[in-house]
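Participant: Residue numbers (the numbering used here), protein chains in the order written: chain V, 3 to 193; chain B, 3 to 193.
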DNA sequence: AGAAAAAATTACCCTATGGTAAAGTTTTTT
DNA sequence: AAAAAACTTTACCATAGGGTAATTTTTTCT
């Protein structure tokens with residue numbers, strides 16, 4: 003468990019710049035959990051029950067659209083994830099979280115996460131959490147509006163090395179906003 | 003000034019669900035200001051100096067890309083806006099805020115906004131602010147990934163009635179992620 | 001008001017991506 | 001190990017949107 007603390011602390015430092023008490027409080031309420039590939043951590047249409055820290059593995063955030071799914075986000079080792087919109091609005095939401103490989107997480111109930119938010123130290127945690135989530139989303143929007151799918155693919159591969167090996171092409175394609183066929187073409191061209 | 007209070011309060015209620023003390027504190031530090039069309043409220047590469055509440059008019063958030071600009075966001079009457087990424091990171095940022103028509107704002111220095119954030123009431127304000135900004139961005143990302151430019155255009159027109167009359171087509175086009183020529187075609191088709 | 005500048009529209013052709021289908025590959029199931 | 005299912009690649013054609021340029025309309029400047 004000491005190992006988690008080290009890694010969790012590192013994630014906090016990179017992500018939040020929150021005071022040390024905040025992550026201690028957070029860590030104290032975490033429960034370890036293992037999810038196999040394709041296991042659904044949060045189902046579309048439900049309210050989010052947990053806030054996750056990924057120790058090892060990866061999780062995809064999906065939106066089901068007609069018969070297809072669109073991948074809105076990936077989260078890998080050392081990152082946090084959840085259907086944050088559901089947490090914030092306290093309502094059911096259509097995002098679906100799925101393990102993309104065997105994944106070890108530490109999760110905290112949203113109930114506890116919210117209770118944390120009532121304390122002043124948690125207030126800061128919640129704020130930092132929302133702020134960094136916003137910055138990430140803003141970057142994604144900028145990429146979608148200003149970069150070609152080829153650029154976006156190359157940057158994704160840089161940001162998450164080996165992502166092509168760990169995550170199905172179809173998920174990467176939908177994340178980029180293109181079809182698997184188009185991604186396949188891109189890959190062939192610049193292989 | 004009573005008028006502002008009413009409208010500002012309304013904006014808070016719609017946006018933040020923050021306690022009444024938060025917006026009173028906010029309103030107390032605001033300074034009224036009028037910007038003419040095309041006036042730059044925040045220049046690319048600078049740090050954000052103000053946090054704005056728009057009483058009447060509109061502001062565009064732009065990112066300059068090569069010789070062009072891309073519109074990332076619009077803000078109209080009763081909304082807040084700023085280069086939020088710069089405020090959060092406390093660093094210079096490339097977004098540029100421009101008045102799209104004659105616009106009356108009430109602005110607060112980021113310095114004061116941050117000081118507010120140190121009080122517990124401001125902590126909540128900052129958190130709510132980040133949270134609602136995140137939700138907005140998430141929605142934008144979803145639209146970009148799941149909807150056609152035609153759908154996005156129609157929804158933009160619904161969300162901000164008369165937007166086609168108040169804002170230049172080229173800005174709307176870049177917000178949608180297409181060229182003015184393509185937007186022109188769309189408009190002709192469904193006029 | 002008239003001239004100049006900027007923006008919007010239209011047109012033409014071109015390219016990136018979509019849709020469908022089929023072939024090849026990998027993974028899962030039995 | 002064989003069969004089935006799922007995924008990836010390839011191919012072919014269709015289409016939305018881009019690039020350039022010319023024309024018209026609107027806005028700005030003098």
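Yeah, the Cβ is synthetic: ideal placement off N, Cα and C, and Gly gets one too.
Values in this document were obtained by computation on a predicted structure and should not be read as measured data.
1) Strictly by DSSP, which residues pair up with residue 17 of chain B?
2) Measuring only the C-alpha atoms, how far is residue 184 of chain B from residue 72 of chain B?
3) In or out: residue 16 of chain B buried (at least 16 other Cβ within 10 Å) or exposed?
4) Residue 40 of chain V by DSSP, collapsed to three states: which one?
5) Does any CB atom of chain V fall closer than 8 Å to the CB of residue 34 of chain B?
6) Please state whether the Cβ-Cβ distance between residue 101 of chain B and residue 138 of chain B is less than 8 Å.
7) Closest to residue 106 of chain B by CA distance: which of B:158, B:90 and B:34 is it?
8) Relative to the C-alpha of residue 124 of chain V, which candidate in V:11, V:26, V:13 and V:12 has its C-alpha closest?
9) Please tell me whether residue 123 of chain B has its Cβ less than 8 Å away from any Cβ of chain V.
10) Determine which residues of the segment 35–69 of chain B have a Cβ less than 8 Å from any Cβ of chain V, and write them out in chain order.
11) When every heavy atom of the ligand SAH is checked, does at least one fall within less than 7 Å of the C-beta of residue 45 of chain B?
12) Grab the span of the alpha helix (DSSP H) containing residue 53 of chain B for me, first residue to last.
13) Keeping to the same chain, check which residues put their C-beta closer than 6 Å to that of residue 130 of chain V; ignore five residues upstream and five downstream.
14) For a contact meaning CB atoms closer than 7 Å, what does residue 129 of chain B contact in chain V?
15) Whose C-alpha, out of B:133, B:108, B:61 and B:188, is nearest the C-alpha of residue 155 of chain B?
16) Please state if the CB of residue 42 of chain B and the CB of residue 98 of chain B are separated by a distance shorter than 8 Å.
17) Using beta carbons (cut-off 8 Å, strictly below), is residue 191 of chain B in contact with chain V?
18) Could you tell me which whole beta strand (DSSP E) segments of length 3 or greater appear in the segment 40–123 of chain V?
19) Determine the burial state of residue 59 of chain B: buried for a count of at least 16 other Cβ atoms within 10 Å of its Cβ, exposed for fewer.
20) For residue 30 of chain B, collect the residues of the same chain with a Cβ closer than 6 Å to its Cβ; drop the 5 residues on either side in sequence, then sort them by chain order.
21) Rounding to the nearest angstrom, what Cα-Cα distance links residue 50 of chain B and residue 83 of chain B in this structure?
22) Quick one: measure Cβ to Cβ for residue 14 of chain V and residue 76 of chain V, integer angstroms, because I've assumed they're closer than 8 Å.
23) Identify, in the order they occur along the chain, each residue of the same chain with its Cβ nearer than 8 Å to the Cβ of residue 238 of chain B, setting aside the five sequence neighbours on each side.
24) On the three-state DSSP scale, how would you describe residue 34 of chain B?
25) Please report how far the alpha carbon of residue 65 of chain V lies from the alpha carbon of residue 179 of chain B, in whole angstroms.
26) Residue 45 of chain B: which of B:175, B:92, B:96 and B:67 sits nearest, CA to CA?
27) Roughly how many whole angstroms lie between the Cα atoms of residue 128 of chain V and residue 119 of chain V?
28) Which same chain residues end up closer than 6 Å to residue 81 of chain B when comparing Cβ atoms and leaving out the 5 residues on each side of it in sequence?
29) Residue 151 of chain V lies in the alpha helix (DSSP H); which residues open and close that run?
30) Compare the C-beta of residue 175 of chain V against all C-beta atoms of chain B and say whether one is closer than 8 Å.
31) What is the rounded straight-line gap between the Cα of residue 166 of chain V and the Cα of residue 192 of chain V?
32) For residue 11 of chain B, which residues in chain V fall below 9 Å Cβ to Cβ?
33) Consult DSSP for residue 170 of chain V and reduce its assignment to one of helix, strand or coil.
34) With a threshold of 8 Å on Cβ separation, who are the neighbours of residue 9 of chain B within its own chain once the five nearest residues in sequence on each side are excluded?
35) Going along chain V, which residues have a C-beta under 9 Å from residue 80 of chain B?
36) Buried or exposed: residue 36 of chain V, going by 16 or more other Cβ atoms within 10 Å of its Cβ?
Facilitator: Put simply:
1) Here residue 17 of chain B is taken as the residue at index 15 of the second chain, counted from 1. In the DSSP output, where bridge partners are listed per residue, residue 17 of chain B has none listed.
2) Taking the first residue of the second chain as 1, we reach residue 184 of chain B at position 182. Taking the first residue of the second chain as 1, we reach residue 72 of chain B at position 70. Those two C-alpha atoms are separated by around 15 Å.
3) Residue 16 of chain B sits at position 14 when you count from the first residue of the second chain. Result: exposed.
4) Position 38 of the first chain, counted from the first residue, corresponds to residue 40 of chain V. Correct three-state label for residue 40 of chain V: coil.
5) Locating residue 34 of chain B in the second chain gives position 32, where the first residue counts as 1. Closer than 8 Å: no.
6) For the purposes of this step, residue 101 of chain B is taken as residue 99 along the second chain, with counting starting at 1. For the purposes of this step, residue 138 of chain B is taken as residue 136 along the second chain, with counting starting at 1. Cβ atoms of residue 101 of chain B and residue 138 of chain B: not closer than 8 Å.
7) If you number the second chain from 1, residue 106 of chain B lands on position 104. Residue B:34 is the option with its Cα nearest to residue 106 of chain B.
8) Within the first chain, residue 124 of chain V is the residue found at index 122, counting from 1. The candidate whose alpha carbon is nearest that of residue 124 of chain V is V:26.
9) The count along the second chain starts at 1 and reaches residue 123 of chain B at position 121. For residue 123 of chain B, the answer is no, since every Cβ of chain V falls outside 8 Å of its Cβ.
10) 65 and 67
11) Looking at this structure, you won't find the ligand SAH or any other ligand, since it has none at all.
12) Here the question's residue 53 of chain B lines up with position 51 in the second chain. Not the alpha helix (DSSP H): residue 53 of chain B falls in the beta strand (DSSP E), residues 52–58.
13) As a first step, residue 130 of chain V must be located in the first chain, where it is residue number 128. Excluding positions up to five away in sequence, the list reads 18 and 20.
14) By 1-based counting over the second chain, the position of residue 129 of chain B is 127. Ordered by position in chain V, the residues that pass the 7 Å Cβ test against residue 129 of chain B are 125, 128, 129 and 132.
15) Residue mapping note: residue 155 of chain B aligns to position 153 of the second chain, counting from 1. Nearest of B:133, B:108, B:61 and B:188 to residue 155 of chain B, Cα basis: B:188.
16) Counting from one through the second chain, the residue named residue 98 of chain B turns up at place 96. Counting from one through the second chain, the residue named residue 42 of chain B turns up at place 40. Yes, the Cβ-Cβ distance between residue 98 of chain B and residue 42 of chain B is below 8 Å.
17) Residue numbering aside, residue 191 of chain B sits at position 189 when the second chain is read from its first letter. No, its Cβ sits nowhere closer than 8 Å to a Cβ of chain V.
18) 42–44, 52–58, 60–67, 70–78, 97–101 and 105–111
19) Taking the second chain and counting its residues from 1, the one referred to as residue 59 of chain B is at position 57. By the 10 Å Cβ count, residue 59 of chain B comes out buried.
20) As a first step, residue 30 of chain B is located in the second chain; it is residue number 28 there, counting from the start. Excluding residues within five positions, none has a Cβ falling inside 6 Å.
21) Translated into positions along the second chain, residue 50 of chain B becomes position 48. Translated into positions along the second chain, residue 83 of chain B becomes position 81. Those two C-alpha atoms are separated by around 11 Å.
22) In the first chain, the residue the question calls residue 14 of chain V occupies position 12. In the first chain, the residue the question calls residue 76 of chain V occupies position 74. Not quite, the Cβ-Cβ distance comes to about 20 Å (not below 8 Å), so this is no contact.
23) Here chain B comprises residues numbered 3 to 193, so residue 238 of chain B is not present and cannot be evaluated.
24) The residue you call residue 34 of chain B lines up with position 32 of the second chain. Here residue 34 of chain B sits in strand by DSSP.
25) What you label residue 65 of chain V is simply residue 63 of the first chain in a count that begins at 1. What you label residue 179 of chain B is simply residue 177 of the second chain in a count that begins at 1. Cα-Cα distance, rounded: 21 Å.
26) Residue numbering aside, residue 45 of chain B sits at position 43 when the second chain is read from its first letter. The shortest Cα separation from residue 45 of chain B among B:175, B:92, B:96 and B:67 belongs to B:96.
27) Numbered from 1 along the first chain, position 126 holds the residue referred to as residue 128 of chain V. Numbered from 1 along the first chain, position 117 holds the residue referred to as residue 119 of chain V. Whole-angstrom Cα-Cα distance: 6 Å.
28) Locating residue 81 of chain B in the second chain gives position 79, counting from the first residue. Cβ neighbours of residue 81 of chain B beyond the five flanking positions: 56.
29) Position 149 of the first chain holds residue 151 of chain V. Its alpha helix (DSSP H) spans residues 151–161.
30) Numbered from 1 along the first chain, position 173 holds the residue referred to as residue 175 of chain V. Closer than 8 Å: no.
31) On the first chain, residue 166 of chain V is found 164 positions in, with the first residue counted as 1. On the first chain, residue 192 of chain V is found 190 positions in, with the first residue counted as 1. One C-alpha to the other measures close to 14 Å.
32) The sequence position of residue 11 of chain B within the second chain is 9, counting from 1. Ordered by position in chain V, no residue passes the 9 Å Cβ test against residue 11 of chain B, which lies about 22 Å from the chain.
33) Translated into positions along the first chain, residue 170 of chain V becomes position 168. Residue 170 of chain V falls in the coil class under three-state DSSP.
34) Working through the second chain from its first residue, we reach residue 9 of chain B at position 7. If we look at residue 9 of chain B and ignore the five residues flanking it on each side, its Cβ neighbours are 57 and 80.
35) Numbered from its first residue, the second chain carries residue 80 of chain B at position 78. Here the premise fails: no neighbours, minimum Cβ distance about 20 Å.
36) Locating residue 36 of chain V in the first chain gives position 34, counting from the first residue. Per the 10 Å Cβ criterion, exposed.
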